[in-house]
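Residue numbers (our numbering), protein chains in the order written: chain A, 57 to 264; chain B, 57 to 264. Following: one structure in structure tokens, then a few remarks.
There are 2 protein chains.
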Amino acid sequence: MATLAAMARMKPDERRTAIIAAAVAEVTERGFARTTSRDVARRADVTHGLLHHYFPDHQTLLAQAFDHVANEEISETRSLLAADTEPIAQLRELTEPYGPGGGESAYRLWIEAWGEAAHSPALRKTTAKVTKSWLDLINTVIERGVQAGAFTCEAPRQTAWMILALCDAYAMHRQLGSGPRIKEMAFSARRLAERDLGLATGALDRTA
Amino acid sequence: MATLAAMARMKPDERRTAIIAAAVAEVTERGFARTTSRDVARRADVTHGLLHHYFPDHQTLLAQAFDHVANEEISETRSLLAADTEPIAQLRELTEPYGPGGGESAYRLWIEAWGEAAHSPALRKTTAKVTKSWLDLINTVIERGVQAGAFTCEAPRQTAWMILALCDAYAMHRQLGSGPRIKEMAFSARRLAERDLGLATGALDRTA
DNA sequence: CAGCGTATTGGGCGATTGGCCAATAGCCAA
DNA sequence: TTGGCTATTGGCCAATCGCCCAATACGCTG
Numbered sequence: 057m058a059t060l061a062a063m064a065r066m067k068p069d070e071r072r073t074a075i076i077a078a079a080v081a082e083v084t085e086r087g088f089a090r091t092t093s094r095d096v097a098r099r100a101d102v103t104h105g106l107l108h109h110y111f112p113d114h115q116t117l118l119a120q121a122f123d124h125v126a127n128e129e130i131s132e133t134r135s136l137l138a139a140d141t142e143p144i145a146q147l148r149e150l151t152e153p154y155g156p157g158g159g160e161s162a163y164r165l166w167i168e169a170w171g172e173a174a175h176s177p178a179l180r181k182t183t184a185k186v187t188k189s190w191l192d193l194i195n196t197v198i199e200r201g202v203q204a205g206a207f208t209c210e211a212p213r214q215t216a217w218m219i220l221a222l223c224d225a226y227a228m229h230r231q232l233g234s235g236p237r238i239k240e241m242a243f244s245a246r247r248l249a250e251r252d253l254g255l256a257t258g259a260l261d262r263t264a
Numbered sequence: 057m058a059t060l061a062a063m064a065r066m067k068p069d070e071r072r073t074a075i076i077a078a079a080v081a082e083v084t085e086r087g088f089a090r091t092t093s094r095d096v097a098r099r100a101d102v103t104h105g106l107l108h109h110y111f112p113d114h115q116t117l118l119a120q121a122f123d124h125v126a127n128e129e130i131s132e133t134r135s136l137l138a139a140d141t142e143p144i145a146q147l148r149e150l151t152e153p154y155g156p157g158g159g160e161s162a163y164r165l166w167i168e169a170w171g172e173a174a175h176s177p178a179l180r181k182t183t184a185k186v187t188k189s190w191l192d193l194i195n196t197v198i199e200r201g202v203q204a205g206a207f208t209c210e211a212p213r214q215t216a217w218m219i220l221a222l223c224d225a226y227a228m229h230r231q232l233g234s235g236p237r238i239k240e241m242a243f244s245a246r247r248l249a250e251r252d253l254g255l256a257t258g259a260l261d262r263t264a
């Protein structure tokens with residue numbers, strides 16, 4: 057992973073980023089509660105004592121780590137949407153079977169975060185904020201599509217909420233390996249969107 | 057909670073049940089990873105040493121505790137449905153705003169379980185099994201309603217999955233206190249069900 | 001009542017935790 | 001080169017964890 061000799065010294069900002077990246081990886085694998093300072097330090101190739109130099113305490117480190125990823129996901133998706141101007145293509149991005157965010161491991165982190173949010177005000181605040189961002193993102197795509205004449209929609213915010221909920225639920229249950237017909241679940245969000253937005257069935261499946 | 061003098065001795069089965077109940081309460085409050093043997097013991101009014109007499113180890117205790125609640129929820133819902141014979145009334149039960157299961161705290165436990173399932177094969181197995189039971193339950197109600205002529209439905213299993221997903225997502229995000237318009241989210245599942253099953257809007261809101 | 005088996009206690013063990021701190025190492029300005 | 005500031009180390013601490021076990025209390029059977 058890292059060249060032994062090159063480990064010596066890093067710019068503080070890089071070091072900080074490396075530690076946060078290590079924390080994210082650990083939390084994704086083990087969950088918030090089971091992630092220890094020493095695990096993070098080992099993964100970041102530093103000693104555990106250094107963590108306290110960059111972060112006041114363990115909770116703050118984990119909270120900042122999740123904050124970092126969550127905001128990054130949002131901004132990445134935002135620029136992904138900016139690349140397409142056509143509403144249908146944008147909606148297709150948002151309903152990708154692996155989730156519009158960072159894919160498999162990103163959802164592992166989110167599942168951990170939902171659980172941890174019940175015990176950490178900082179996590180709860182971040183999850184609430186980012187969830188709202190997701191809803192706004194979907195809602196904006198819908199409303200722009202309606203204005204452009206591509207969609208028809210009675211209750212955009214409600215449709216946005218249902219799309220998000222189905223994507224989350226699909227990703228979560230896929231994580232757990234639960235249940236039959238998991239591939240069908242993946243497309244429920246798209247079929248729901250197609251019906252709610254006046255599109256033909258399968259309109260979101262076709263590749264542009 | 058418990059009379060001091062009456063603490064002395066309990067039948068083994070009662071004791072076992074009391075410990076499991078204490079474990080459920082602790083996990084609901086603190087999550088799986090942060091629940092310690094001693095916490096459970098204190099809540100159950102026994103010493104920590106006794107736990108090892110009833111359960112081989114900590115993980116097994118927590119897994120059995122969740123297993124107990126999950127199965128109980130399912131069977132309670134089953135008998136709840138048995139009380140009604142009318143499909144619409146049954147569907148109304150299933151889409152209760154607080155979730156068809158045990159209410160608020162029950163969903164706290166489920167959120168913890170979803171996270172923990174990623175780290176515990178036993179939890180993963182239970183969540184998968186009970187999720188399947190929920191889907192079957194909803195699916196049965198739909199199909200009986202279709203046969204009785206009360207519903208019309210193109211893809212029952214897909215509709216069942218969407219209803220479950222929306223209920224889960226609503227309950228979860230309500231837990232987190234996230235987002236505006238959370239009351240509207242609560243009825244998304246009902247509106248979806250009404251449309252998917254050929255019912256009039258609001259048909260599931262009216263009290264029987 | 002005597003005796004056996006189980007329920008229950010409470011202490012102890014090794015391992016691990018987050019946080020703290022004195023000491024060291026490396027970088028840059030003067 | 002020197003001095004000082006920051007990054008970094010590694011050891012230490014009290015607290016706590018799950019687990020184990022010898023000792024005790026209790027209840028039931030004979």
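For glycine and all other residues, C-beta sits at the position ideal for the given N, C-alpha and C. Computed from a predicted structure; not experimentally measured.
Suppose the cutoff is 8 Å on Cβ atoms and the five residues either side in sequence are ignored; what does the same chain contact list for residue 125/B look like? Indexing the second sequence from 1 puts residue 125/B at position 69. The residues are 80, 158, 162 and 165.
Skipping 5 residues on each side, what residues in its chain have a beta carbon closer than 7 Å to that of residue 178/A? Here residue 178/A is taken as the residue at index 122 of the first sequence, counted from 1. Same-chain partners within the cutoff: 119.
Let me see if you follow: with CB-CB separation under 8 Å, is residue 135/A close to chain B or not? In the first sequence, residue 135/A corresponds to position 79, counting from 1. The Cβ of residue 135/A sits no closer than 8 Å to any Cβ of chain B.
Beta-carbon neighbours of residue 244/A, restricted to chain B and to distances below 7 Å: Sequence index remark: in the first sequence, residue 244/A carries index 188 (1-based). Result: 214, 217 and 218.
Which residue spans inside the region 90–133 of chain A form an unbroken alpha helix (DSSP H) run of at least 4? The region 90–133 of chain A contains, as complete alpha helix (DSSP H) runs of 4+ residues, the segments 93–99 and 104–110 (chain order).
Quick one: does residue 175/B have its CB under 8 Å from some CB of chain A? Mapped onto the second sequence, residue 175/B falls at position 119. Yes, residue 175/B lies at the interface with chain A (some Cβ there is under 8 Å from its Cβ).
Less than 8 Å between the CB atoms is what I'm expecting for residue 191/B and residue 220/B, so what's the real figure, rounded? Counted from its first residue, the second sequence places residue 191/B at position 135. Counted from its first residue, the second sequence places residue 220/B at position 164. Indeed they touch by this definition, with Cβ atoms about 6 Å apart.
Give every residue of the same chain whose Cβ lies closer than 7 Å to the Cβ of residue 246/A, excluding the five residues on either side of it in the sequence, and list them in chain order. Along the first sequence, one-based indexing puts residue 246/A at 190. Result list for residue 246/A: 151, 260 and 261, in chain order.
Report the CB separation of residue 202/B from residue 137/B in whole angstroms; it is logged as a contact under 8 Å. The sequence position of residue 202/B within the second sequence is 146, counting from 1. The sequence position of residue 137/B within the second sequence is 81, counting from 1. That belief does not hold up - the Cβ atoms of residue 202/B and residue 137/B are roughly 16 Å apart, past 8 Å.
Using a Cβ-Cβ distance cut-off of 8 Å, determine whether residue 254/A contacts chain B. For the purposes of this step, residue 254/A is taken as residue 198 along the first sequence, with counting starting at 1. Residue 254/A does not count as touching chain B.
Could you tell me which chain B residues have their CB closer than 9 Å to the CB of residue 168/A, listed as they occur along the chain? In the first sequence, residue 168/A corresponds to position 112, counting from 1. The contacting residues are 171 and 174.
Out of 133/A, 174/A and 107/A, which one is the CA nearest neighbour of residue 121/A? The count along the first sequence starts at 1 and reaches residue 121/A at position 65. Of the candidates 133/A, 174/A and 107/A, the one whose C-alpha sits nearest the C-alpha of residue 121/A is 107/A.
First and last residue of the uninterrupted alpha helix (DSSP H) at residue 253/A: Along the first sequence, one-based indexing puts residue 253/A at 197. Here residue 253/A belongs to no alpha helix (DSSP H), and DSSP marks it neither H nor E.
Rounded C-alpha distance that separates residue 66/B from residue 111/B: Within the second sequence, numbered from 1, the residue matching residue 66/B stands at position 10. Within the second sequence, numbered from 1, the residue matching residue 111/B stands at position 55. So the two alpha carbons sit approximately 16 Å from each other.
Quick one: using the 10 Å Cβ neighbour count with 16 as the cut-off for buried, is residue 225/B buried or exposed? Numbered from its first residue, the second sequence carries residue 225/B at position 169. Buried, because 16 or more other Cβ atoms sit within 10 Å of the Cβ of residue 225/B.
At which residues does the alpha helix (DSSP H) containing residue 223/A begin and terminate? As a position in the first sequence, residue 223/A is number 167, starting the count at 1. Element bounds for residue 223/A: 212–231.
Using DSSP with H/G/I as helix, E/B as strand and the rest coil, what is residue 208/B? By one-based count along the second sequence, residue 208/B stands at place 152. In the structure shown, the three-state DSSP call for residue 208/B is coil.
Would you report the Cα separation of residue 102/B and residue 123/B, rounded to the nearest angstrom? Counted from its first residue, the second sequence places residue 102/B at position 46. Counted from its first residue, the second sequence places residue 123/B at position 67. Using only the alpha carbons, I get a separation of about 22 Å.
Along the chain, which unbroken stretches of the alpha helix (DSSP H) at least 4 residues long are found entirely within the region 152–178 of chain A? 160–173
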